[in-house]
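Novice: For the protein sequence lines, the chains are A and B, in the order given. At position 45 of the first sequence (counting the first as 1) the number is 45 in the working numbering, and the numbers step up by one without a gap. Heads up: take any position in the second sequence, counting from 1, add 1000, and you land on the working numbering.
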Amino acid sequence: AQSVTQPDIHITVSEGASLELRCNYSYGATPYLFWYVQSPGQGLQLLLKYFSGDTLVQGIKGFEAEFKRSQSSFNLRKPSVHWSDAAEYFCAVGSSGTYKYIFGTGTRLKVLA
Amino acid sequence: DTGVSQNPRHKITKRGQNVTFRCDPISEHNRLYWYRQTLGQGPEFLTYFQNEAQLEKSRLLSDRFSAERPKGSFSTLEIQRTEQGDSAMYLCASSPNPSADTQYFGPGTRLTVL
């Protein structure tokens, strides 16, 4: 079955600390992978995406993610978190020509001042 | 691009009433998607249009739900005889030509059924 697992429902970090959000997927085809961020009551903003090539991808707001095929993972990282990063983060998987993404259940990030 | 827009942003209705939501995709994006997001969950796919053709409907989309994209531009999602279980955020997304697979999401319409 196709699925995305985000094992951490909530994560709390101090401002300035590093961050890693985990994402594991199960998908039959070659995956396209995405990270989106959602602020309360808002839609989803694309942070970064991986289609092919370099397995370390850079995104907006200082985020990066690394695709590890052997581990079926696409973890999101940021070296120094800002208070404005507090939001919910969703990992999603699709593939070439597909029309629907499969989303994880999200990780809610809280940032302590 | 001005981004994907959705109206209304919030809708409160009584059980049994009909509601309609509108989505305006990014200009010239020919693919349009509807997702539903319930509290504590990620978005779930509902349906997809390529231009004016509705090419896929999820099993989540019961016969009370209907979506249209009459001229291949904006889309509407109608829910008839709303139920409390329909309360959710309804998200619209669009993407450009079929070779580009990135979906850009709108702000969503939050539906509350009393």
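Glycine included, every Cβ here is placed at the ideal spot set by N, Cα and C. Values in this document were obtained by computation on a predicted structure and should not be read as measured data.
(1) CB threonine 1013/B to CB valine 1004/B, shorter than 7 Å?
(2) Once the 5 residues before and after aspartate 1024/B are set aside, which same chain residues still bring their CB inside 6 Å of it?
(3) The beta strand (DSSP E) that contains threonine 1076/B, what's its start and end?
(4) In this structure, how does DSSP classify aspartate 1024/B when only helix, strand and coil are distinguished?
(5) For the structure I just gave you, are there three or more beta carbon pairs, one from the region 1-14 of chain A and one from the region 98-109 of chain A, closer than 8 Å?
(6) I'd like the list of long-range same chain contacts for glycine 59/A, defined as Cβ closer than 6 Å, with 5 residues on each side in sequence excluded.
(7) With a threshold of 7 Å on Cβ separation, who are the neighbours of threonine 1047/B within its own chain once the five nearest residues in sequence on each side are excluded?
(8) Between the Cα of glycine 1085/B and the Cα atoms of Leu1114/B, Thr1102/B and Leu1091/B, which residue gives the shortest distance?
(9) Quick check on aspartate 85/A: buried or exposed, where buried means 16 or more other Cβ atoms within 10 Å of its Cβ?
Specialist: Well, looking at it:
(1) One-based indexing of the second sequence puts residue 1013/B at position 13. One-based indexing of the second sequence puts residue 1004/B at position 4. No. Outside cutoff.
(2) Position 24 of the second sequence holds residue 1024/B. Excluding residues within five positions, the ones whose Cβ falls inside 6 Å are Ser1005 and Phe1074.
(3) Taking the first residue of the second sequence as 1, we reach residue 1076/B at position 76. Unbroken beta strand (DSSP E) run through threonine 1076/B: 1075-1079.
(4) As a working note, residue 1024/B is residue 24 in the second sequence. Judged by DSSP in its simplified three-state form, aspartate 1024/B adopts strand.
(5) yes
(6) Stepping through the first sequence from its first residue, residue 59/A is reached at position 59. Leu47 and Leu48, listed in sequence order.
(7) Within the second sequence, the letter at position 47 stands for residue 1047/B. The residues are Trp1034, Gln1054, Glu1056, Lys1057, Ser1058, Leu1061 and Ala1067.
(8) On the second sequence, position 85 is the one that residue 1085/B refers to. When only C-alpha atoms are compared, the closest one is Leu1114/B.
(9) Taking the first residue of the first sequence as position 1, residue 85/A is located at position 85. The residue in question, aspartate 85/A, is buried, as its Cβ has 16 or more Cβ neighbours within 10 Å.
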